[in-house]
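Those protein sequence lines, which keep their order, are chains P and G.
Going by my numbering, the residue at position 28 of the first sequence is 28; the numbering climbs one at a time, nothing skipped.
Going by my numbering, the residue at position 64 of the second sequence is 64; the numbering climbs one at a time, nothing skipped.
Report on the following structure.
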Amino acid sequence: MEPTPSDKTAESEIAFQARIDAGETIEPRDWMPERYRKQLVRMMSQHAHSEVVGMLPEGNWITRAPSLRRKIGLLAKVQDEAGHGLYLYGAAETLGVSRDEMIDQLLAGVSKYSSIFNYPTLTWADVGAIGWLVDGAAIVNQTMLAKTSYGPYARAMLRICAEENFHKRQGFEILATLAQGTPEQRAMAQDAVNRWWWPTLMMFGPPDEASPHSAELMGWKVKPKSNDELRQRFVDLAVPQAKAMGLTLPDPELRWDEEKRQWRFGTIDWQEFWRVVRGDGQMNRERLRERRRAHDEGRWVREAAEAHEAKRRARAAAKIGR
Amino acid sequence: MSESAARDADWPLWEVFVQEEGGAAHVHAGSIHAPDREMALQNARDVYARRGRAASLWVVESSAITATTPADRAPFFEPAFDKIYRHPQFYKVPRGVRGL
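This is the structure in structure tokens:
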């Protein structure tokens, strides 16, 4: 009997899983289950959008940075985020989706980005808190993703991790400096940490038992570690760093677990998490409005680039014709 | 969504190769969109060489690259598997002879 198409798919899926289990890397032209491709497009485009939308809360402070040293650092960081978005769009395009489609979905509000960027940056200290906490959390996540089973994604992550270490340190330096400043500066630093701490813990996603995609993604080694494992790793890194700055973390239940040799922390408000994911955070509408405006205002640049190329081509053609 | 006149899907995709220091090989870094080769080079610099760790950049239109397919991986490379005589270990050298 001839094998049916579904027999063939099942066979391919078994072979695919065997490659994953053997620790092989999947490359763009390899066979992959449609669902693997879809999940990666979803993850990578969301990741790319997060880099791009992530420029907005910090970009807000470039013109008001307190010194030239702070300004060049912040400018370079925001420029990096744009570059990281491009690495990720490029890597996602290897799965057969175009950057235009992905950006359209972002601007239409269909595709998501990290909810952390739906919180406002109220003071200069928030720029420090984002660098230290948000980039710190992103590095923990991305260091894990550098070992993901999809080759182009893993390579983009390696590149990004190497660059983001400076983001975390510039944030730490900003906060540590404020923490040693006047009482007002100290209070400003503490207030920023108080506001950013819990949303940062939410960045790792819902707890493992409530995460709709986790089991599948871990089975394919798209995510080699779970949300809760990564969250714990981040907390264990952040607690002594906060202490080093002389700042506290807004969690009365935070305490050292000698047996497990890790920091125990309080309960995360998952209702807030889902509320912001669903679009009702403080800044959801504002961020999309800003992103659409930037896209529209950049149109003339894209058109000028095309006009230049058309002119160049016409000149070259005329030369040949002569 | 308003239809943009300048959509980058119409811009070719370019593969970027970076040589990190003189004498090293150019290594694939990723890809970028650009309307022409000059801008492809500039975009590649802005995206893949922001830390000064680049001695040279190549951009190649992705469509100009011909590659092996995963399906013919085995038959395509197979002829090289049994040519052990292309490795130095295939040749016998008397004990005690050095520098070979």
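Where is the CB? At the ideal position from N, CA and C, for every residue including glycine.
Source: prediction; values computed, not measured.
According to DSSP, is residue i part of a helix, a strand, or is it coil?
i: P:Ala108; result: coil
i: G:Ser4; result: Annotation note: pLDDT 43 at G:Ser4 (below 50); position unreliable, no value reported.
i: P:Trp220; result: coil
i: P:Gln262; result: strand
i: P:Asp257; result: strand
i: P:Tyr153; result: helix
Show which residues of chain P have a CB atom less than 9 Å away from the CB atom of residue i.
i: G:Arg45; result: In chain order: nothing, as chain P lies at least about 11 Å away.
What residues from chain G crowd round residue i, counting only those whose CB sits closer than 8 Å?
i: P:Arg29; result: Ala67, Thr69, Pro70
i: P:Asp80; result: Arg50
State the start and end residues of the unbroken alpha helix (DSSP H) segment that holds residue i.
i: P:Leu288; result: 284–297
i: P:Leu247; result: No alpha helix (DSSP H) holds P:Leu247; DSSP gives it neither H nor E.
i: G:Asn43; result: 37–48
i: P:Pro327; result: The requested residue 327 of chain P is not part of the displayed model; chain P covers only 1 to 322.
i: P:Phe273; result: 270–275
i: P:Gly54; result: Careful: P:Gly54 lies outside any alpha helix (DSSP H) and carries neither H nor E.
i: P:Val78; result: 68–93
Residue i touches chain C at which residues, Cβ-Cβ below 7 Å?
i: P:Glu309; result: Among the protein chains of the structure shown, namely P and G, there is no chain C.
Taking the continuous beta strand (DSSP E) assigned at residue i, which residues delimit it?
i: P:Val134; result: Where P:Val134 is concerned, there is no enclosing beta strand (DSSP E), given that its DSSP letter is neither H nor E.
i: G:Glu61; result: 56–61
i: G:Glu15; result: 13–19
i: G:Val27; result: 27–33
i: P:Trp124; result: Element bounds for P:Trp124: not the beta strand (DSSP E) but the alpha helix (DSSP H), 124–129.
i: P:Trp61; result: No beta strand (DSSP E) contains P:Trp61, which DSSP labels as neither H nor E.
List, in chain order, every chain G residue whose beta-carbon is nearer than 7 Å to that of residue i.
i: P:Leu86; result: Ile32, Val47
i: P:Gly90; result: Gly30, Ser31, Ile32
Under 9 Å between beta-carbons, which chain G residues line up against residue i? List them in chain order, please.
i: P:Gly83; result: Asp46, Val47, Tyr48, Arg50
**OP:** Taking only runs that begin and end inside the segment 63–98 of chain G, name each unbroken alpha helix (DSSP H) of 4 or more residues, in chain order.
**Re:** 73–77
**OP:** May I ask you to list, following chain order, the residues of the segment 152–186 of chain P that have a beta carbon less than 9 Å from some beta carbon of chain G?
**Re:** Taking 9 Å as the Cβ-Cβ cut-off against chain G, the residues of the segment 152–186 of chain P that qualify are Pro152, Arg155, Ala156, Arg159, Ala162, Glu163.
Original post:
Quick one, which residues of the segment 120–142 of chain P are near chain G if we go by CB-CB under 7 Å, in chain order?
Top reply: none
Original post:
At what residue ranges does the segment 182–212 of chain P contain a whole run of the alpha helix (DSSP H), taking only runs of 4 or more?
Top reply: 183–202
Original post:
Looking at chain G, which residues of the segment 289–319 of chain P have a Cβ within less than 7 Å of any of its Cβ atoms?
Top reply: Within the segment 289–319 of chain P, the residues whose Cβ lies closer than 7 Å to any Cβ of chain G are, in chain order, Arg299, Arg302, Glu303, Ala305, Glu306, Glu309, Arg312.
Original post:
According to a CB-to-CB cut-off of less than 8 Å, which residues of the segment 49–60 of chain G neighbour chain P?
Top reply: Arg50, Arg51
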